[in-house]
Amino acid sequence: MAMLSRAASSAARRPLLPPPRLLAVRAMASSLFGHVEPAPKDPILGVTEAFLADPSSDKVNVGVGAYRDDNGQPVVLSCVREAERRIAGNLNMEYLPMGGSVKMIEESLKLAYGEDSDFIKDKRIAAVQALSGTGACRLFADFQKRFLPDSQIYIPTPTWSNHHNIWRDAQVPQKTFTYYHPESRGLDFSGLMNEIKNAPDGSFFLLHACAHNPTGVDPTEEQWREISHQFKVKKHFPFFDMAYQGFASGDPERDAKAIRIFLEDGHQIGCAQSYAKNMGLYGQRAGCLSILCEDEMQAVAVKSQLQQIARPMYSNPPVHGALVVSIILSDPELKSLWLKEVKGMADRIIGMRKALKENLEKLGSPLSWDHITNQVNTTVRNIGSMFLKSVYSY
Numbered sequence: 001m002a003m004l005s006r007a008a009s010s011a012a013r014r015p016l017l018p019p020p021r022l023l024a025v026r027a028m029a030s031s032l033f034g035h036v037e038p039a040p041k042d043p044i045l046g047v048t049e050a051f052l053a054d055p056s057s058d059k060v061n062v063g064v065g066a067y068r069d070d071n072g073q074p075v076v077l078s079c080v081r082e083a084e085r086r087i088a089g090n091l092n093m094e095y096l097p098m099g100g101s102v103k104m105i106e107e108s109l110k111l112a113y114g115e116d117s118d119f120i121k122d123k124r125i126a127a128v129q130a131l132s133g134t135g136a137c138r139l140f141a142d143f144q145k146r147f148l149p150d151s152q153i154y155i156p157t158p159t160w161s162n163h164h165n166i167w168r169d170a171q172v173p174q175k176t177f178t179y180y181h182p183e184s185r186g187l188d189f190s191g192l193m194n195e196i197k198n199a200p201d202g203s204f205f206l207l208h209a210c211a212h213n214p215t216g217v218d219p220t221e222e223q224w225r226e227i228s229h230q231f232k233v234k235k236h237f238p239f240f241d242m243a244y245q246g247f248a249s250g251d252p253e254r255d256a257k258a259i260r261i262f263l264e265d266g267h268q269i270g271c272a273q274s275y276a277k278n279m280g281l282y283g284q285r286a287g288c289l290s291i292l293c294e295d296e297m298q299a300v301a302v303k304s305q306l307q308q309i310a311r312p313m314y315s316n317p318p319v320h321g322a323l324v325v326s327i328i329l330s331d332p333e334l335k336s337l338w339l340k341e342v343k344g345m346a347d348r349i350i351g352m353r354k355a356l357k358e359n360l361e362k363l364g365s366p367l368s369w370d371h372i373t374n375q376v377n378t379t380v381r382n383i384g385s386m387f388l389k390s391v392y393s394y
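Taking the UniProt record's numbering, the leading residue of the sequence shown gets 1, the next gets one more, and so forth.
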């Protein structure tokens with residue numbers, strides 16, 4: 001009896017083992033994702049992550065190109081605050097259609113193609129609301145892959161790093177073309193024109209409409225006209241990424257000049273628009289993708305396909321940013337205020353570039369700093385931000 005009692009006591013203390021089959025299932029589950037390695041840091045967002053993790057109070061974020069005030073704080077435009085006030089309590093938050101806000105699209109097309117554009121009147125533009133500029137580029141890349149599977153995209157060297165990710169993940173083959181001249185710190189126009197001439201007829205080119213990211217170097221109006229002419233000769237398709245309309249010169253109309261030149265010359269074009277920079281709606285992901293087609297029937301077909309691509313991605317775009325954009329651009333008083341504020345931001349950036357150049361010259365540097373004031377926008381070449389981080393971070 002004592003032996004039985006001791007055996008029972010020993011069994012009670014012994015841990016219960018799960019059945020072999022359950023062990024096998026657990027082993028499979030634990031190893032299912034064991035081969036997944038950490039992704040490399042994003043070259044842009046990774047800098048911001050390092051900034052946030054740095055405990056120093058004396059630090060500057062040289063990562064994402066977001067506008068800041070003199071204290072390094074985010075800026076909410078007065079026109080945005082007023083639009084938010086009107087939205088609060090007055091509008092519902094129902095699903096938008098797959099194509100997005102009709103009003104936002106309507107106002108976005110006026111901004112890109114012109115207030116009195118015949119292309120808009122003739123309903124030749126297929127357009128959908130997109131998840132800011134990134135989403136617009138990705139929708140177009142997927143459309144390109146689906147309906148022109150043998151095509152490729154020419155991307156400038158350098159460019160915003162995410163452009164390569166977007167077309168790569170859409171499985172569109174990429175080639176690069178000459179754009180920036182590192183010695184002159186300006187546009188390599190002859191190299192650019194040679195690339196356009198030597199590309200196969202009917203090639204797709206990604207072009208920055210204004211405030212080229214990351215160089216801040218834009219072609220002159222005359223150079224844009226030459227580029228457009230050569231595109232016409234070669235039957236190339238231009239896809240414009242217009243992330244900074246208004247930020248380059250302070251005038252949205254002037255910053256759309258490259259697009260207007262191509263339209264005047266009879267090109268079909270694609271255009272990605274973003275309101276992250278020029279309205280400060282970074283986190284609202286408000287944007288628009290448009291494609292100029294041959295006629296209204298073609299535009300209807302293209303739009304329907306863009307919506308079909310968007311459906312399994314995110315179903316419908318977010319409503320809040322679209323409401324803000326629609327209210328600002330459709331209200332004459334608020335639009336006037338926005339134009340004033342976007343000019344103020346651009347002028348301040350231009351002024352800071354001028355001050356930086358003057359102070360570098362006062363320090364007695366023998367180098368030429370003309371490129372600082374010749375370039376536009378908030379960007380610094382990635383190598384510059386990495387240098388600043390490595391030398392001055394502690």
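C-beta: ideal position from N, C-alpha, C; glycine also.
| query | Taking the alpha-carbon positions, what's the ILE191 to THR178 distance? | reply | Position check: residue 191 holds Gly in this sequence, whereas Ile was assumed. Their backbone Cα atoms lie some 6 angstroms apart in a straight line.
| message | For residue 407 and ALA258, which I take to be in contact (beta-carbon distance under 8 angstroms), what is that distance rounded to the nearest angstrom? | response | Only positions 1 to 394 of the chain appear in the structure, and residue 407 is not among them; the question remains open.
| query | What's the gap between the Cα of LEU356 and the Cα of ILE349? | reply | The straight-line gap from Cα to Cα measures roughly 11 angstroms.
| said: Given a cut-off of 8 angstroms on the beta-carbon distance, is the pair GLN284 and MET98 in contact? | reply: Not a contact, by the Cβ cut-off of 8 angstroms.
| message | In whole angstroms, give me the CA-to-CA distance for SER290 and GLN273. | response | Spanning the two alpha carbons is a distance of roughly 8 angstroms.
| THR159, buried or exposed, once every other Cβ within 10 Å from all chains shown has been counted against 16 | A residue is called buried when at least 16 other Cβ atoms come within 10 angstroms of its Cβ; THR159 meets this threshold and is buried.
| field | From ASP295, LEU207, SER228 and GLY270, residue whose alpha carbon lies closest to that of VAL128 | value | Among ASP295, LEU207, SER228 and GLY270, the Cα nearest to that of VAL128 belongs to GLY270.
| said: Please state whether the Cβ-Cβ distance between LEU292 and ILE153 is less than 8 angstroms. | reply: In this structure, the beta-carbon distance from LEU292 to ILE153 does not fall below 8 angstroms.
| message | By the three-class DSSP mapping on this structure, what secondary structure does PRO252 have? | response | Secondary structure at PRO252: helix, using DSSP grouped into helix, strand and coil.
| Given ALA276, which residues of its chain have a CB within under 6 angstroms of its CB, disregarding the five upstream and five downstream residues? | So the qualifying residues of the chain are SER132 and TYR282.
| task | With ALA130 as the anchor, note down where its beta strand (DSSP E) starts and where it stops. | result | DSSP places ALA130 in the uninterrupted beta strand (DSSP E) bounded by 125–131.
| said: Please identify the residue among GLY114, ASN374, SER101 and LYS175 whose C-alpha is closest to the C-alpha of ILE155. | reply: Measuring from the Cα of ILE155, the nearest candidate turns out to be LYS175.
| task | Would you mind reading off the limits of the alpha helix (DSSP H) that contains SER117? | result | For SER117, there is no enclosing alpha helix (DSSP H), as DSSP marks it with neither H nor E.
| field | Span of the beta strand (DSSP E), counted from its first residue to its last, around ILE153 | value | Note, ILE153: beta strand (DSSP E), 153–157.
| task | Answer with buried or exposed for LEU367, where buried requires no fewer than 16 other C-beta atoms within 10 angstroms of its C-beta. | result | By the beta-carbon neighbour count (other beta carbons within 10 angstroms, threshold 16), LEU367 is exposed.
| request: Could you please give the first and the last residue of the uninterrupted beta strand (DSSP E) stretch that includes ILE291? | output: Note, ILE291: beta strand (DSSP E), 286–292.
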